[in-house]
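Novice: Let me begin by handing over the structure; questions about it come next.
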Amino acid sequence: MIIGVSGKARSGKGVFSDIAVKAFGAQKVSFAGPLKLEVTEFLLDSGIGFRLENLTGDTADKEEILKTDHHNVLLIQHPYYPYFLKFLLHYGSCVGTTWSFTPRALMQWWGTEFRRNYFGENYWISRFLEACDNPKQLYVVDDCRFPNEAQAIKEAGGKLVRIERPVRPIGSNPEHPSEVALDGWTAWDMVIQNVDPLWIFQDRCQRVINGFVNQ
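Under the numbering used here, the sequence shown has 83 at position 102, and the numbering climbs by one with no breaks.
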């Protein structure tokens, strides 16, 4: 069974998935796994300095400023440069000949405006479902962001959880489609309010997961 978890940035999705892994033996999978691999390869090939933690680490790592120069030959020669230039013009900032941007903004753009818009909205779904091929295994995915992703989980017999945290730190680009596309979705199997101390939220998550696996 697949449990898909949705919520705004810093809402508590990672806490939920950690409990599923540690307490229930779930395998954590991600729509963003192939995304992070593609972005890593692009940054390496285009000569843009970064740390792996900028793509896989915590919020501070993903908000760290990355920079590149107008005269970066490796970048200019990269086949994706025309697309990336659109990203810089929309989400980056420029001082002199230096462009600055955050890894989070790049991953949001790469996953949505670039891959979904140019290669089809199911681009990431097919790659995700390939990783969930064991019917006896519990899977948890904490980056369910779009209606077609949620629908794919439902059609695979999975469960959908929405985590609401009204008061939370706000990351960069909070109105990006990947942050708001499921705001109007109503077919949740459970909505969890993250408004209490951490231990209460953790207990609530554990009870929800237990209810799913013992149905």
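In this text, a Cβ means the ideal position worked out from N, Cα and C, and glycines have one as well.
Any heavy atom of the ligand GDP within a distance shorter than 7 Å of the CB on residue 79?
Specialist: No copy of the ligand GDP appears in this structure; indeed no ligand is present at all.
Novice: Note down the Cα distance separating residue 39 from residue 115, rounded to an integer number of angstroms.
Specialist: Residue 39 and residue 115: Cα-Cα distance of roughly 29 Å.
Novice: Smallest Cα separation from residue -10: which of 171, 175, 96 and 47?
Specialist: Here the closest residue by C-alpha is 175.
Novice: May I have the straight-line CA-CA distance separating residue 62 from residue 107, to the nearest angstrom?
Specialist: 26 Å
Novice: Let me check understanding here. Comparing Cα to Cα, which of 140, 53, 129 and 110 lies closest to residue 80?
Specialist: That would be 53, whose Cα lies nearest to the Cα of residue 80.
Novice: Please go through the segment 28 to 84 and give each complete alpha helix (DSSP H) segment of 4 or more residues, from N-terminal end onward.
Specialist: 34 to 37, 40 to 43, 54 to 58 and 62 to 72
Novice: For the alpha helix (DSSP H) holding residue 111, just list the boundary residues, first then last.
Specialist: 104 to 111
Novice: Since I believe residue -14 is in contact with residue 122 (beta carbons under 8 Å), could you give me their beta-carbon distance rounded to a whole number of angstroms?
Specialist: 7 Å
Novice: Closest to residue 147 by CA distance: which of 88, -18, 100 and -8 is it?
Specialist: -8
Novice: Would you mind reading off the limits of the beta strand (DSSP E) that contains residue 141?
Specialist: 140 to 145
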